[in-house]
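In short: position in the sequence shown from 1, add 3, done, that's my numbering. Backbone N, C-alpha and C fix where the C-beta goes; we use that ideal spot for every residue, glycine too.
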Amino acid sequence: MAPGFVHRIVHRQGVRQFVKFGIVGASGFLVNLVVFTVLQHYTPLDERAARFPLLYSIGFLAGGVSNYFLNRIWTFRATGDALLQGIQFLSVSAIALVVGLVVSHFTTPYLGAGHRTWFLATLAGIVVNFFFNKYWTFRPTAPPR
């Protein structure tokens, strides 16, 4: 591969956005983990099992909110209606979840219900998430004429 080719690929806006999208996703995972861990720490041991769905949900939502704001201001530098984009972001997350579930449904018979299937389903969800958010949720708005 020629160095010029690599330079062109690395400096493409879409590639930079995809890398930023991945960094934001990793930070959202950490927010989710920290919030969940803190909530679990303050939940009495005998109540943790019963409250797990609530604690998990709060952590998941905190990570999602973090991802929305960081993608909006850093990854895509969006300037559109924040409420509308938030609703679209949530919708895209649901679509990506469904895509991941469909991929896992079709790959589980061949790969089993383990990490290989999880990886393919997650990868499919990431790709859907990125492209829908890039071209729908946070698409650049044309300046008024």
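Pair within 8 Å by beta-carbon distance, residue i and residue j
i, j, result
"F141", "Q88", "yes"
"A127", "V106", "yes"
"G62", "F79", "no"
"S66", "S96", "At residue 66 the sequence reads Gly, which differs from the Ser that was named. Taking 8 Å as the Cβ cut-off, G66 and S96 do not qualify as a contacting pair."
"F122", "I98", "no"
"V27", "W77", "yes"
"L42", "L64", "no"
Under the three-state DSSP convention, the category residue i falls into
i, result
"T46", "coil"
"T111", "helix"
"P6", "helix"
"A127", "helix"
"G31", "helix"
"H118", "helix"
"G103", "helix"
"R11", "helix"
"R2", "Only positions 4 to 148 of the chain appear in this structure, which leaves residue 2 out of reach."
"R178", "This structure leaves residue 178 out entirely; the chain is present only between 4 and 148."
"F141", "coil"
Quiz item: Which whole runs of the beta strand (DSSP E) in the region 63 to 98 are 3 residues long or more, in chain order?
Solution: none
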